[in-house]
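As they're listed, the protein sequences go chains A and B. Everything in the first sequence is counted per the numbering used here, starting at 1 for the first residue and increasing by one. Everything in the second sequence is counted per the numbering used here, starting at 1 for the first residue and increasing by one. In this text, a Cβ means the ideal position worked out from N, Cα and C, and glycines have one as well. It should be emphasised that the depicted structure is a prediction, and the values quoted were computed from it without experimental measurement. Quick notes on the structure that follows.
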Amino acid sequence: MSDSIGEVKAQKVTLEGEFELECGQSFNDIELVYETYGALNTDATNAILICHALSGNHHAAGKYENEEKPGWWDSLIGPGKAVDTNKFFVVCPNNIGGCHGSLGPSSINHDTGDYYGPDFPIITVRDWVNSQAKLSDSLGIEKWHAVMGGSLGGMQALEWSYLFPKRIKKAGIIAAAPKLSAQNIAFNEVARQAILNDPDFEGGRYLDKSKYPKQGLKLARMVGHITYLSEEAMRSKFGRELKKEKLNFGYDAEFEIESYLRYQGDVFSESFDANTYLLMTKILDYFDPASNFEGKLVNAFESIEAQLLVVSFSTDWRFAPERSKEIVNALIEAKKNVSYLEIDSPHGHDSFLFANEDYVKGLSAFLEN
Amino acid sequence: MNTIEVIKNWIDKESQVLDLGCGDGEILNILSKEWGSTVLGVEINQDDINKCIQSGLNVIHQNIDEGLENFSDNSFDIVIMSQTIQVLKEPKKALQEVTRIGNESIVTIPNFGYWTTRINLLLSGKMPVTGTLPSAWHDTDNIHLCTIKDFENLCSECEIDVIEKCFFNKFGKESLLAKVAPNLFATTAMYKISK
Numbered sequence: 001m002s003d004s005i006g007e008v009k010a011q012k013v014t015l016e017g018e019f020e021l022e023c024g025q026s027f028n029d030i031e032l033v034y035e036t037y038g039a040l041n042t043d044a045t046n047a048i049l050i051c052h053a054l055s056g057n058h059h060a061a062g063k064y065e066n067e068e069k070p071g072w073w074d075s076l077i078g079p080g081k082a083v084d085t086n087k088f089f090v091v092c093p094n095n096i097g098g099c100h101g102s103l104g105p106s107s108i109n110h111d112t113g114d115y116y117g118p119d120f121p122i123i124t125v126r127d128w129v130n131s132q133a134k135l136s137d138s139l140g141i142e143k144w145h146a147v148m149g150g151s152l153g154g155m156q157a158l159e160w161s162y163l164f165p166k167r168i169k170k171a172g173i174i175a176a177a178p179k180l181s182a183q184n185i186a187f188n189e190v191a192r193q194a195i196l197n198d199p200d201f202e203g204g205r206y207l208d209k210s211k212y213p214k215q216g217l218k219l220a221r222m223v224g225h226i227t228y229l230s231e232e233a234m235r236s237k238f239g240r241e242l243k244k245e246k247l248n249f250g251y252d253a254e255f256e257i258e259s260y261l262r263y264q265g266d267v268f269s270e271s272f273d274a275n276t277y278l279l280m281t282k283i284l285d286y287f288d289p290a291s292n293f294e295g296k297l298v299n300a301f302e303s304i305e306a307q308l309l310v311v312s313f314s315t316d317w318r319f320a321p322e323r324s325k326e327i328v329n330a331l332i333e334a335k336k337n338v339s340y341l342e343i344d345s346p347h348g349h350d351s352f353l354f355a356n357e358d359y360v361k362g363l364s365a366f367l368e369n
Numbered sequence: 001m002n003t004i005e006v007i008k009n010w011i012d013k014e015s016q017v018l019d020l021g022c023g024d025g026e027i028l029n030i031l032s033k034e035w036g037s038t039v040l041g042v043e044i045n046q047d048d049i050n051k052c053i054q055s056g057l058n059v060i061h062q063n064i065d066e067g068l069e070n071f072s073d074n075s076f077d078i079v080i081m082s083q084t085i086q087v088l089k090e091p092k093k094a095l096q097e098v099t100r101i102g103n104e105s106i107v108t109i110p111n112f113g114y115w116t117t118r119i120n121l122l123l124s125g126k127m128p129v130t131g132t133l134p135s136a137w138h139d140t141d142n143i144h145l146c147t148i149k150d151f152e153n154l155c156s157e158c159e160i161d162v163i164e165k166c167f168f169n170k171f172g173k174e175s176l177l178a179k180v181a182p183n184l185f186a187t188t189a190m191y192k193i194s195k
């Protein structure tokens, strides 16, 4: 029934023309890498745009040649899966500012011939959505059947619904929030401080100096990773298990959870760009659609025409169900077509990555109704 | 007429309808398709929610017992609460909320005063198990059962007006007996109320 999509390859496109950013700066051309799965139908009505989260990229499903690890949403995208590639043409770009091939801080600035590094402008969710709209044009997709994503990806799907109401039929807003709380921003700030204060950060010009703030990025990821897991999941997976039989009265990784976090931090810091990480946390912090409407989310949603599905997870404390309900309640008040699902799942914020049965059923019902 | 026909009779076409405890969306589906209603359901059962979504209905996963504050005053033309009030922890509060959110509301209850229920209790000395109330006392979701008289008393206590009422027999149809002596011969009662 559910199967893998098999081997996939990334594609690259240059979206030509001036691209203005919310901050006032602009790019001349923007380069985006993306992947597609399934086939676009003749009238281009079966396309689904997948938006990735903070540390995600365009590799959402399938496997690269000679690689074992599938894309980050492979559990949900594929033949017979929640996002059924037998029925839909699925597109997932790496957002600008990213570090996996799209224009970002580790790209060369053609004006100077150097890496952008810290000079890369602070972009926003709106900038992303605008760049994704340009990608839609280049792919010949006038209207998406659905735009969806989890966490920061869900915020992009939400932004799509009021920014381009005519270009989107459905929006899947999963494990998201209408804006970050003080606590959310606090965690992001700890992550940023870890990176900014790494001596190898070099004011963001580490690439020019052949250095890399690995320790800072590792710490940032470790603190972030804690917020993605639930207390329950951490307890059942690691408890207070020791790596060795006895305490050794030292500062090495003794508990399994310490060793797990260090490992996760190491792996991540070897495959991600520190400037991109800083940028991503800032994009999250800035997201606040109600801010242009005197804090009234309901007014921000006025233009929405799409059918929306909001999904939250019981043990998610990063963007708890209450945060999703803020979105839902504003949509109800604005008299929009909204459905809301609260899924019972032990995996905390990361739940949106797992193929929980109720979640899969809800998603496919929404996409296929 | 059956319950859905009466509901259609009681509400204008193209009304905005909220169904609290909408189940698999049976009523909303009909109202949306045949009556042009703009509909929203509230449900707690995951399978039912997915059935609603499958039918293209808007549905919110929410526990009515935990409050309905997210729905503002008079935000719907009609609020339906069908066969739901008896499973709630605070039926009185729910009734007040229903009439706050809807300009008008339609509430359906199972009638515990139905004659077989009465005889069942009288003769067996045990909590009645009937076609409408099929579970044993310890296993039932129906924790706040009432009779037609009880419900009407609660409405007047809450200063809620009964605009229309309709009584159904065990086949879900209106009948002469159910009309003449509803508290004895109706298994189900449906009210259109407002505050």
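For the candidate residues the options, whose alpha-carbon lies nearest to that of residue i?
i	options	result
residue 55(A)	336(A), 344(A) and 273(A)	273(A)
residue 195(B)	96(B), 176(B), 51(B) and 180(B)	96(B)
residue 9(A)	16(A), 256(A), 65(A) and 26(A)	65(A)
residue 223(A)	202(A), 209(A) and 191(A)	191(A)
residue 351(A)	86(A), 315(A) and 198(A)	315(A)
residue 375(A)	244(A), 164(A), 340(A) and 183(A)	Residue 375(A) lies beyond the range of chain A shown here (1 to 369); nothing can be said about it.
residue 187(A)	284(A), 312(A), 26(A) and 20(A)	284(A)
residue 34(B)	20(B), 4(B) and 119(B)	4(B)
residue 205(A)	114(A), 152(A) and 339(A)	114(A)
residue 310(A)	155(A), 49(A), 117(A) and 42(A)	155(A)
residue 217(A)	228(A), 37(A), 198(A) and 96(A)	198(A)
residue 16(A)	32(A), 174(A), 3(A) and 22(A)	32(A)
residue 131(A)	104(A), 266(A), 119(A) and 118(A)	104(A)
residue 60(A)	369(A), 221(A), 353(A) and 208(A)	353(A)
Please list the partners that residue i has in chain A, where partner means a Cβ-to-Cβ separation under 8 Å.
i	result
residue 71(B)	332
residue 50(B)	358, 361, 362 and 365
Any beta carbon from chain B within less than 8 Å of residue i's own beta carbon?
i	result
residue 4(A)	no
residue 298(A)	no
residue 337(A)	yes
residue 46(A)	no
residue 328(A)	yes
residue 169(A)	no
Anything in chain B within Cβ reach of residue i, meaning under 7 Å, just list it in chain order.
i	result
residue 342(A)	61
Name the chain A residues whose beta carbon is nearer than 7 Å to that of residue i?
i	result
residue 56(B)	369
residue 46(B)	358
Does any residue of chain A have a CB that is nearer than 8 Å to the CB of residue i?
i	result
residue 53(B)	yes
residue 191(B)	no
For a contact defined as C-beta to C-beta under 8 Å, what are the partners of residue i on chain B?
i	result
residue 325(A)	70
With which residues is residue i paired in a DSSP beta bridge?
i	result
residue 161(B)	194(B)
residue 342(A)	312(A)
residue 19(B)	41(B) and 80(B)
residue 136(B)	According to DSSP, which records beta bridges pairwise, residue 136(B) is partnered with nothing at all.
residue 11(A)	34(A)
residue 63(A)	7(A)
residue 26(A)	20(A)
residue 167(B)	189(B)
Would the beta-carbon of residue i be found less than 7 Å away from any heavy atom of the ligand NAP?
i	result
residue 89(A)	Among the components modelled here there is no ligand, and therefore nothing to report on the ligand NAP.
Enumerated in chain order, which unbroken segments of the alpha helix (DSSP H) with a length of 4 residues or greater are wholly contained in the segment 256 to 335 of chain A? Within the segment 256 to 335 of chain A, complete alpha helix (DSSP H) segments of at least 4 residues are found at 256 to 269, 274 to 286, 297 to 300 and 321 to 333, given in chain order.
What beta strand (DSSP E) runs, 3 residues minimum, are completely inside the segment 102 to 134 of chain B? Under the rule that a run must span 3 or more residues, the beta strand (DSSP E) segments found entirely inside the segment 102 to 134 of chain B read 102 to 110.
Note down, one range per segment and in chain order, each alpha helix (DSSP H) of at least 4 residues found wholly within the segment 55 to 106 of chain B. Those alpha helix (DSSP H) runs which fall completely within the segment 55 to 106 of chain B and span 4+ residues are 91 to 101.
Quick check on the DSSP output: what are the complete beta strand (DSSP E) runs of length 3 or more inside the segment 31 to 56 of chain A, in order along the chain? Counting only runs of 3 or more, we get 47 to 51.
Curious, which full-length beta strand (DSSP E) runs of at least 3 residues does the segment 74 to 100 of chain A contain? Runs found: 89 to 93.
Length at least 3, wholly inside the segment 114 to 193 of chain A: the beta strand (DSSP E) runs in chain order: Fully enclosed beta strand (DSSP E) runs of 3 or longer: 144 to 150 and 168 to 174.
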